[in-house]
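See structure below.
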Amino acid sequence: MNLKNIIEKVEAIFPEIIADRRHIHQNPELSFEEFETAKFIRMKLNEMGIEYKTHIETGTSALIGKGEKCVALRADIDALPIQEQTKLEFSSNVQNVAHACGHDMHAAMLLGAARILKEMEDEISGQVKLIFQPGEEKLPGGAKLMIDDGVLENPSPEAIFGQHIYPGASVGIISTSAGAVMAAPDELYITIKGKSAHAAQPQLGRDPIVCAAHLINYYQTLISRKSDPRKSAVISITSVHGGSSTNIIPDEVKLKGTVRTFDAELRKDLHKLIKEETVKLCSVYGCEVEVSLKVGYPAVMNNKEMSEITKNTAIELFGKDAFQDFEPKMWGEDFS
Numbered sequence: 001m002n003l004k005n006i007i008e009k010v011e012a013i014f015p016e017i018i019a020d021r022r023h024i025h026q027n028p029e030l031s032f033e034e035f036e037t038a039k040f041i042r043m044k045l046n047e048m049g050i051e052y053k054t055h056i057e058t059g060t061s062a063l064i065g066k067g068e069k070c071v072a073l074r075a076d077i078d079a080l081p082i083q084e085q086t087k088l089e090f091s092s093n094v095q096n097v098a099h100a101c102g103h104d105m106h107a108a109m110l111l112g113a114a115r116i117l118k119e120m121e122d123e124i125s126g127q128v129k130l131i132f133q134p135g136e137e138k139l140p141g142g143a144k145l146m147i148d149d150g151v152l153e154n155p156s157p158e159a160i161f162g163q164h165i166y167p168g169a170s171v172g173i174i175s176t177s178a179g180a181v182m183a184a185p186d187e188l189y190i191t192i193k194g195k196s197a198h199a200a201q202p203q204l205g206r207d208p209i210v211c212a213a214h215l216i217n218y219y220q221t222l223i224s225r226k227s228d229p230r231k232s233a234v235i236s237i238t239s240v241h242g243g244s245s246t247n248i249i250p251d252e253v254k255l256k257g258t259v260r261t262f263d264a265e266l267r268k269d270l271h272k273l274i275k276e277e278t279v280k281l282c283s284v285y286g287c288e289v290e291v292s293l294k295v296g297y298p299a300v301m302n303n304k305e306m307s308e309i310t311k312n313t314a315i316e317l318f319g320k321d322a323f324q325d326f327e328p329k330m331w332g333e334d335f336s
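According to my numbering, the stretch in the sequence shown is residues 1 to 336, in order.
In structure tokens form, the structure reads like this:
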């Protein structure tokens, strides 16, 4: 298979890839609601003469080529609940829904790859499985549900590749690395229950706001003083809700956040620490507390051999300056 020939084919269909991306971008759909997006993808596959299977309503898979060996390519297709403010000519047509995480590009890129692979089907010594996955932004993610529905069977791929755009990198840069590249993202939900009182008489109540403030600070100590400094972890409280008046101490405060880790053992230890230490600290302030940790998917662990293949191919196609080793991020991805 001539790699340079593939680049020529990419350049030839590039305008169509852009058009597909902009169509998907203009018509974003939330996780597991990607009905029109799935319909568009399946229409495109039909136009290419590629048969497909449906999974969990909005998931799609297809096969190109023949033979025993199989490699899979995966793209996620869902958007986020966010209002686009770019004012681009192809900006989202849907109120409070937008492709702010690049899944529109991922889907368009895989459609482009499908078109080229179908044209070169006779040159493929095996099969390529295309996977268009819904619900990446949710827990549990669409990957697990599609796996449960048999997407990695008949045939079972020996390797699978996903990709993600990265606005922090320069255009034209391809980046990957072996081992842990994205974290395990777990969700944290806390309800602190105190006792309401007049703000001018705090001694008559048990203030859940003061308790919450100390708890948020204390969580950073779990990272800096109670976990191995050689292992990376993040605890971020991203939502605080409590009270509605300037002169009343509320009964309760609700917190939400995320816990991110690369290491499975540290992940387990942090979960235990959070639950135990939260109860202890809140009791100091006379408050009761409910702690819920919603376990997400594992960390993304890249296979060394597949990472080397990606690196070597990128350098062969575009030169050494086009490749950079990927610096692991505390993002989460259900590709894991």
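We put the beta carbon where it would ideally sit given N, CA and C, even for glycine.
CA-to-CA distance, residue j to residue i, given in whole angstroms
i: S177; j: A184; result: 17 Å
i: F161; j: A299; result: 15 Å
i: K39; j: A75; result: 15 Å
i: T86; j: I24; result: 16 Å
i: I274; j: Y297; result: 19 Å
i: K304; j: V181; result: 12 Å
i: W331; j: A233; result: 11 Å
i: Q324; j: E47; result: 36 Å
i: K66; j: Q127; result: 5 Å
i: N302; j: L222; result: 28 Å
i: H106; j: I77; result: 7 Å
i: E276; j: K294; result: 16 Å
i: L110; j: G179; result: 24 Å
i: A19; j: R115; result: 14 Å
Three-state secondary structure assigned by DSSP to residue i
i: H164; result: coil
i: E277; result: helix
i: D122; result: helix
i: A299; result: coil
i: L139; result: coil
i: P15; result: helix
i: H171; result: For the record, residue 171 in the displayed sequence is Val; it is not His. Of the three classes helix, strand and coil, the one that applies to V171 here is coil, per DSSP.
i: Y219; result: helix
i: Q201; result: coil
i: R74; result: strand
i: R230; result: coil
i: V97; result: coil
i: D207; result: coil
i: T246; result: coil
Cβ pair residue i, residue j closer than 8 Å
i: I209; j: G242; result: yes
i: S338; j: F326; result: Past the edges of the chain, shown from 1 to 336, lies residue 338, and the structure says nothing about it.
i: P81; j: N93; result: no
i: I192; j: A212; result: yes
i: D269; j: S239; result: no
i: G205; j: I249; result: yes
i: Y219; j: I237; result: yes
i: A322; j: G168; result: no
Selected residue, minimal CA-CA separation from residue i, among the options
i: M133; options: G286, S227, H103; result: The identity of residue 133 in the sequence shown is Gln, whereas the question assumes Met. When each option's Cα is compared against that of Q133, the closest is H103.
i: T246; options: I131, P229, K138, H198; result: H198
i: I309; options: H25, A159, N2, T54; result: A159
i: R22; options: P250, A108, G59, S170; result: A108
i: I131; options: T58, C101, I165; result: T58
i: I13; options: L45, K53, A113, P229; result: A113
i: A72; options: S156, E51, L45; result: S156
i: L139; options: K195, T313, E187; result: E187
i: K4; options: T313, P328, S91; result: T313
Okay, do the stretch 120-127 and the stretch 34-49 touch, 3+ Cβ pairs below 8 Å being the bar? no
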